[in-house]
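Numbering (my numbering), first residue to last: 3 to 452.
We treat Cβ as the ideally placed atom computed from N, Cα and C, and that holds for glycine.
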Ligand SMILES: Cc1cc2nc3c(=O)[nH]c(=O)nc-3n(C[C@H](O)[C@H](O)[C@H](O)COP(=O)(O)OP(=O)(O)OC[C@H]3O[C@@H](n4cnc5c(N)ncnc54)[C@H](O)[C@@H]3O)c2cc1C
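See the structure below:
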């Protein structure tokens with residue numbers, strides 16, 4: 003019998019357990035999480051705060067109880083405080099007080115991330131809110147009901163900060179969004195796409211403070227009252243930190259190889275530098291198909307994919323894996339933005355010579371004769387035309403289209419191959435002219451102009 007211990011029971015840990023449980027092999031699974039209540043899907047937090055869902059209870063995996071029952075041992079509310087990699091033992095603080103030691107044959111680290119703190123003066127004042135866990139979300143949600151909470155500062159203009167700013171504005175709060183860089187969501191979008199989002203937020207009353215650094219907080223009676231930046235003083239009844247996340251990778255720090263931000267370096271089978279130790283989800287690196295090297299980025303899809311791959315590898319099954327393509331979307335009121343792969347500005351940072359084709363404000367005839375407008379950009383390498391990224395923006399749902407582009411990147415497709423790739427027409431479901439293929443064809447116009 004093979005003993006597999008999984009530390010962390012959220013997306014990645016649960017995905018690993020789920021897959022191992024399907025095996026007929028003799029596997030004894032031990033699942034440990036410091037939280038008692040596992041399986042919360044934090045993508046629900048902005049929806050909860052924006053009053054778009056009735057209850058957070060809709061945002062739990064529905065097979066959590068089944069997994070807890072089926073694994074050999076489940077330790078909830080229990081923290082792993084140490085690992086002896088040589089003797090293959092983990093030390094657990096069961097129910098956060100009793101210490102126990104467990105043996106493993108294979109270990110899976112699925113410890114995710116923790117929130118990055120600002121580290122400025124008075125960061126411990128009451129009213130300065132984190133966003134990582136369900137408890138954070140519920141605490142903030144309850145406060146928002148109070149009419150005395152009027153001014154809220156959101157620190158960090160990544161996709162999470164933007165989503166939270168939108169949610170708070172829907173709760174009729176005065177929202178200021180602070181971003182140290184010149185544009186919001188700059189890891190996901192090029193300058194002009196970020197600017198579209200910025201304009202949309204401003205049109206909906208969100209006050210943007212770009213290129214502005216928070217240097218301290220001020221308070222009264224232990225509660226935050228003011229955000230102080232390089233450019234001014236701003237009243238705040240609550241400050242929401244959306245300042246990013248760092249991998250929770252302390253347990254293996256002195257034994258396992260790691261990436262610059264501390265994430266465990268893994269191979270394409272999710273194996274770390276110790277052959278009996280796997281790392282999955284946000285605490286591990288991913289092989290980026292766009293840049294063809296290891297990267298660290300955080301997403302549910304990666305966590306699920308990593309869990310599946312690690313489980314297959316533990317079971318001795320070889321599956322072909324190509325790596326991953328960072329893909330995301332954000333809904334800002336009635337505007338939707340989508341991104342995959344790398345941006346033009348990231349390409350420059352990675353010394354990749356890139357070009358792009360774009361259809362701006364194209365009107366497509368879609369299902370049942372409806373029309374919709376979209377802006378679609380495809381980024382490709384100049385030397386061989388391989389697609390490395392894309393961004394889209396519309397009032398409609400383009401998620402299937404961005405996923406097609408992600409698949410094209412994953413399969414090393416060129417922009418020229420995309421021009422002739424498969425589409426289909428059926429008036430109920432698709433456009434007459436496929437918008438993605440039509441955008442790729444714009445490369446011909448570009449060439450003709452040269
Ligand atoms: C508000 C919010 C909204 C988000 N929205 C989206 C979205 O829409 N789409 C998307 O793709 N991503 C989203 N994300 C990111 C996404 O939640 C993460 O990428 C995802 O949770 C990663 O899953 P994971 O299992 O790797 O790690 P985590 O979800 O962080 O889980 C790690 C688990 O490990 C446990 N753990 C850690 N250390 C120990 C220890 N020493 N002992 C025992 N247990 C331990 C923790 O308690 C936790 O349960 C969002 C994140 C937040 C905070």
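| query | result |
| --- | --- |
| Relative to the C-alpha of residue 300, which candidate in 319, 277 and 327 has its C-alpha closest? | 327 |
| Is residue 194 near ligand 1, with its Cβ less than 7 Å from a heavy atom? | no |
| Spatial neighbours of residue 510 within its chain, please: CB distance less than 7 Å, with the 5 preceding and 5 following residues excluded, ordered by chain position. | Absent from the model: residue 510. The displayed extent of the chain is 3 to 452, so no value can be given. |
| What residues match up with residue 243 in a beta bridge as DSSP calls it? | 157 |
| Return the chain-ordered list of same chain residues with a C-beta closer than 7 Å to the C-beta of residue 138, the five sequence neighbours on each side being excluded. | 131 and 132 |
| In this structure, how does DSSP classify residue 285 when only helix, strand and coil are distinguished? | helix |
| Alpha helix (DSSP H) containing residue 200: first to last residue? | 193–205 |
| For the putative contact between residue 177 and residue 199, defined by C-beta atoms under 8 Å, what is the C-beta separation to the nearest angstrom? | Not confirmed; about 14 Å, so no contact. |
| Would you list the residues sitting across from residue 92 in a DSSP beta bridge? | 85 and 104 |
| Beta-carbon separation of residue 486 and residue 166 under 8 Å? | Since the first and last residues shown for the chain are 3 and 452, residue 486 lies out of range. |
| Suppose contacts are defined by Cβ-Cβ distances below 8 Å. Is residue 404 in contact with residue 292 by that definition? | no |
| Would you tell me roughly how many angstroms separate the C-alpha atoms of residue 277 and residue 97, rounded to the nearest one? | 30 Å |
| List the residues that DSSP assigns as beta-bridge partners of residue 392. | 342 and 380 |
| In three-state terms, what does DSSP make of residue 182? | coil |
| According to DSSP, is residue 70 part of a helix, a strand, or is it coil? | helix |
| The alpha helix (DSSP H) with residue 51 in it runs from where to where? | 47–51 |
| I'd like to confirm something about residue 11: is its beta-carbon nearer than 7 Å to some heavy atom of ligand 1, or not? | yes |
| From what residue to what residue does the beta strand (DSSP E) around residue 221 run? | 216–222 |
| Excluding five sequence neighbours on each side, which residues of the same chain lie with their C-beta closer than 6 Å to the C-beta of residue 52? | 169 and 172 |
| Please classify residue 411: does DSSP put it in a helix, a strand, or coil? | helix |
| Assuming the contact rule is C-beta atoms closer than 8 Å, residue 92 and residue 7 should be a hit. Round their C-beta distance to whole Å, please. | 6 Å |
| Do the stretch 188–195 and the stretch 207–219 make contact, defined as three or more Cβ pairs closer than 8 Å? | no |
| How is the beta strand (DSSP E) around residue 315 delimited, first residue to last? | Counting along the chain, residue 315 falls outside any beta strand (DSSP E), though it belongs to the alpha helix (DSSP H) covering 302–316. |
| For a test of your reading of the model: does the CB of residue 69 fall under 7 Å from any non-hydrogen atom of ligand 1? Yes or no. | no |
| Taking the alpha carbon of residue 241 as the point to measure from, which residue in 145, 432, 36 and 407 has its own alpha carbon closest? | 145 |
| Between residue 81 and ligand 1, is the CB less than 7 Å from at least one heavy atom? | yes |
| Using a threshold of 8 Å, state whether the C-beta atoms of residue 381 and residue 441 are closer than that. | no |
| Which residue comes first and which comes last in the alpha helix (DSSP H) that contains residue 420? | 417–421 |
| Throw me the rounded Cβ distance for the residue 34 and residue 77 pair, which I believe falls under 8 Å. | 4 Å |
| In this structure, how does DSSP classify residue 137 when only helix, strand and coil are distinguished? | helix |
| For residue 123, is the classification buried or exposed, using 16 other Cβ atoms within 10 angstroms of its Cβ as the cut-off for buried? | exposed |
| Taking 8 Å as the cut-off, decide whether the C-beta atoms of residue 157 and residue 180 are in contact. | yes |
| Residues bridged to residue 176 by DSSP? | 153 |
| Is the stretch 255–271 touching the stretch 327–347 in the sense that three or more CB pairs, one from each, lie closer than 8 Å? | no |
| By Cβ distance below 6 Å, which residues in the same chain neighbour residue 108 in space, the five residues on each side in sequence not counted? | 6, 278 and 316 |
| Could you give the distance in angstroms between the alpha-carbon of residue 399 and the alpha-carbon of residue 338? | 7 Å |
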